[in-house]
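Residue numbers (the numbering used here): 64 to 362.
So this is what it looks like as structure tokens:
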């Protein structure tokens with residue numbers, strides 16, 4: 064079998080959720096440690112965390128032998144609301160991603176319907192018919208903008224505590240969007256957190272898997288979070304996101320299924336650890352890379 068999977072990581076695995084937060088690893092340390100852990104591909108993470116001047120960003124990546132797999136849109140919510148703000152943020156991320164040599168824009172619809180810190184509900188956990196129409200139409204529009212104006216591909220990221228988080232909702236998104244412009248960022252951890260069938264999605268929608276976040280969840284802690292009605296951020300603080308192979312879904316099975324697809328895919332490691340002590344991520348990232356390279360067929 065041809066080796067068609069490329070392994071990378073991202074700021075999230077260093078406890079980075081926001082553009083600027085003193086509890087997060089400084090960006091220069093993140094880049095140094097990403098390279099030291101043995102990764103060569105990265106997703107850029109929250110816009111503004113890494114340098115946004117294209118020349119400086121290119122220099123910082125090149126100095127460490129790193130290349131850009133994708134840019135990340137987040138912090139503006141889902142495309143069913145505040146759409147002008149969503150478009151503006153997507154455009155600036157797409158421009159930086161293209162300048163950095165990336166080919167993918169990962170759209171992460173956060174914040175969602177809950178507050179990560181307090182657990183309070185910000186809106187209903189299910190969209191109504193009109194909101195679903197807006198979500199699907201606006202996601203198609205975003206995908207068309209990213210493709211036609213920037214030459215990139217939009218990858219929609221299902222996310223816990225957003226209204227596209229479980230099996231039914233992900234399938235509705237894929238069935239209702241244009242495959243020319245929208246594909247899935249298959250986040251294995253968020254899907255497992257909501258008990259979605261990750262292997263089933265790969266099998267049913269092989270042509271819509273455009274990008275992968277490889278993540279695992281502790282099933283017992285995920286069940287506790289559901290039973291106690293915790294927000295995703297609260298579950299992360301409890302340690303629900305774990306390093307492979309400690310959780311679900313089964314990593315060898317996922318990598319085998321991805322390896323059978325007729326596609327070149329980035330597989331980007333994510334382990335939600337916000338907040339985390341600065342000395343924690345590097346050894347985890349190094350062990351995870353070694354495990355995945357021993358388990359999967361990466362080029």
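Note that beta-carbon positions come from the ideal geometry of N, C-alpha and C, so glycine has one too.
- Let me know if residue 64 comes out buried or exposed under the rule of 16 or more other beta-carbons within 10 Å of its beta-carbon. Because the pLDDT of residue 64 is 43, which lies under 50, any placement of that residue in the model is unreliable, and the question is left without a value.
- Report the three-state DSSP secondary structure of residue 324 (helix, strand or coil). Reduced to three states, the DSSP call for residue 324 is coil.
- Query: Is it the case that the Cβ atoms of residue 237 and residue 258 are separated by a distance below 8 Å?
  - Reply: The Cβ atoms of residue 237 and residue 258 lie no closer than 8 Å to each other.
- Taking residue 91 as part of the beta strand (DSSP E), name the residues at either end of that continuous run. Counting along the chain, residue 91 falls outside any beta strand (DSSP E), though it belongs to the alpha helix (DSSP H) covering 90-99.
- Item | When 76, 71 and 70 are compared against residue 299, the one with the closest alpha-carbon | Comparing Cα-Cα distances from residue 299 to each of 76, 71 and 70, the minimum goes to 76.
- Message: Quick check on this structure: which residue in 189, 127, 194 and 225 has the alpha carbon closest to the alpha carbon of residue 179?
- Response: The option with the nearest alpha carbon to residue 179 is 225.
- Message: Which of the three DSSP states is assigned to residue 65 in this structure?
- Response: Its pLDDT being 46, under 50, residue 65 is placed unreliably in this model, and the value from its coordinates should be taken loosely. If DSSP states are grouped into helix, strand and coil, residue 65 belongs with coil.
- Message: What residue range does the alpha helix (DSSP H) around residue 256 cover?
- Response: It spans 251-256 - the alpha helix (DSSP H) in which residue 256 sits, taken as one unbroken run.
- Do residue 254 and residue 333 have their C-beta atoms within less than 8 Å of each other? Not a contact, by the Cβ cut-off of 8 Å.
- Item | Own chain partners of residue 109 with C-beta closer than 8 Å, once the 5 adjacent residues on each side are dropped | If we look at residue 109 and ignore the five residues flanking it on each side, its Cβ neighbours are 74, 79, 80, 81, 82, 135, 137 and 138.
- Query: Considering only residues of the same chain and omitting the five flanking positions on each side of residue 111, which have a CB-CB separation below 8 Å?
  - Reply: Cβ within range, chain order: 82 and 83.
- Message: Using only the alpha-carbon positions, how far apart do residue 304 and residue 101 sit?
- Response: Rounded to whole angstroms, residue 304 to residue 101 spans 21 Å at the Cα level.
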